[in-house]
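*Asks:* Per our numbering, the sequence shown runs over residues 1346 to 1571.
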Amino acid sequence: MDVYLVPIASDRFEAYYEAADDDEAVEPADGLGFFGRLRVRFQSQLNEAEQARHQATPEEPRTFLGRMQTRSLKWIAERIAEQRLLWKLRTVEVATLHVASDMNPEAAEGLMRAAMKRDADRHLRLLALHSVGLVLAAPVAFVPGPNVLGYLFTFTVVGHFLSWRGARRGVSQVRWTVAASTPLTDLRRAFALAPADRHRVILDVTHRLHLPRLARFVERMTAATA
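1. Taking A1445 as the reference, which of L1556, P1557, H1555 and Y1349 has the closest Cα?
2. For the putative contact between A1524 and T1436, defined by C-beta atoms under 8 Å, what is the C-beta separation to the nearest angstrom?
3. R1467 to A1364, Cα distance in whole Å?
4. Tell me whether the region 1533-1553 and the region 1467-1479 touch, counting them as touching only if at least three CB pairs, one residue from each stretch, are closer than 8 Å.
5. Closest by CA to Q1518, which one among Y1362, A1354, V1351 and V1439?
6. Express the C-alpha separation of V1480 and R1533 in angstroms, rounding to a whole number.
7. Once the 5 residues before and after R1458 are set aside, which same chain residues still bring their CB inside 7 Å of it?
8. Whose CA, out of W1521, M1346, L1538 and P1557, lies closest to the CA of A1354?
9. Let me check understanding here. Comparing Cα to Cα, which of Y1362, F1358 and R1357 lies closest to M1346?
10. My output table needs one value for R1429: the three-state DSSP class, helix, strand or coil.
11. If the criterion is Cβ atoms closer than 8 Å, does the pair G1504 and K1433 meet it?
12. Pick helix, strand or coil for V1563, following the three-state DSSP scheme.
Below, the structure is given as structure tokens:
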């Protein structure tokens, strides 16, 4: 598994993992109990969100609830991309952390571990909060049709649970190897450039690392921290 400590400013970094669209986020449900049904529903949502993301011209739903569910699918697709890294860490034993070649390897690994510790704490808090919401929405959570509340809470509860587990493993169980990356060094230095020049460097780094979604991630994270 390859993880990239991506610069989003000259002195700020975010861990990044780019998964294939068919990368399994969850294993099959083990039973038909409540949590098993929740996981089946969750996997169905993942598949539906991925299909919606690849539709060139999705058909606009005619009903209000249908439109709300379409927006929910878009939101879920964005959250899937954000949480793939932590979900994947649940299933790996070793991983490579690619960092800018001008960074101290131990310091870079420390940054990554500290960020994952914060992620674990945050997802645990959100899991508790959203579990309450799911309990309140439980009477309609598994009703067929465009049930927006049940749809969202099913995704967030299972998603936060898997992210919490992945972040914990990333901190304490996964064996990390740090590798220097010249493209990430170029990306880090690009934040001293004018916006147009920086954008060209971001696209170039995306091409060199063979990570087609990296440019969008960097631009979005840069805008969020501006």
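Don't be surprised by glycine CBs; every beta carbon is placed ideally from N, CA and C.
*Replies:* So, from the data block:
1. Residue mapping note: residue 1445 aligns to position 100 of the sequence shown, counting from 1. Of the candidates L1556, P1557, H1555 and Y1349, the one whose C-alpha sits nearest the C-alpha of A1445 is Y1349.
2. As a first step, residue 1524 is located in the sequence shown; it is residue number 179 there, counting from the start. As a first step, residue 1436 is located in the sequence shown; it is residue number 91 there, counting from the start. Not a contact, Cβ separation roughly 21 Å.
3. Indexing the sequence shown from 1 puts residue 1467 at position 122. Indexing the sequence shown from 1 puts residue 1364 at position 19. If you draw a straight line from the Cα of R1467 to the Cα of A1364, it is about 23 Å long.
4. Taking one beta carbon from each stretch, the region 1533-1553 and the region 1467-1479 have fewer than 3 pairs nearer than 8 Å; the two do not touch.
5. On the sequence shown, residue 1518 is found 173 positions in, with the first residue counted as 1. The closest CA to that of Q1518, considering only Y1362, A1354, V1351 and V1439, is found on V1439.
6. Here residue 1533 is taken as the residue at index 188 of the sequence shown, counted from 1. Here residue 1480 is taken as the residue at index 135 of the sequence shown, counted from 1. Roughly 45 Å between the two C-alpha positions.
7. Here residue 1458 is taken as the residue at index 113 of the sequence shown, counted from 1. V1516, listed in sequence order.
8. Start at 1 with the first residue of the sequence shown, and residue 1354 comes out as number 9. Closest in C-alpha terms to A1354, from the list W1521, M1346, L1538 and P1557, comes L1538.
9. The residue you call residue 1346 lines up with position 1 of the sequence shown. Per the C-alpha coordinates, the member of Y1362, F1358 and R1357 positioned closest to M1346 is Y1362.
10. As a working note, residue 1429 is residue 84 in the sequence shown. In the three-state scheme derived from DSSP, where H, G and I count as helix and E and B as strand, R1429 is classed as helix.
11. Taking the sequence shown and counting its residues from 1, one reaches residue 1504 at position 159. Taking the sequence shown and counting its residues from 1, one reaches residue 1433 at position 88. Not a contact, by the Cβ cut-off of 8 Å.
12. Position 218 of the sequence shown, counting from 1, holds the residue named residue 1563. Taken through DSSP and simplified to helix, strand or coil, V1563 comes out as helix.
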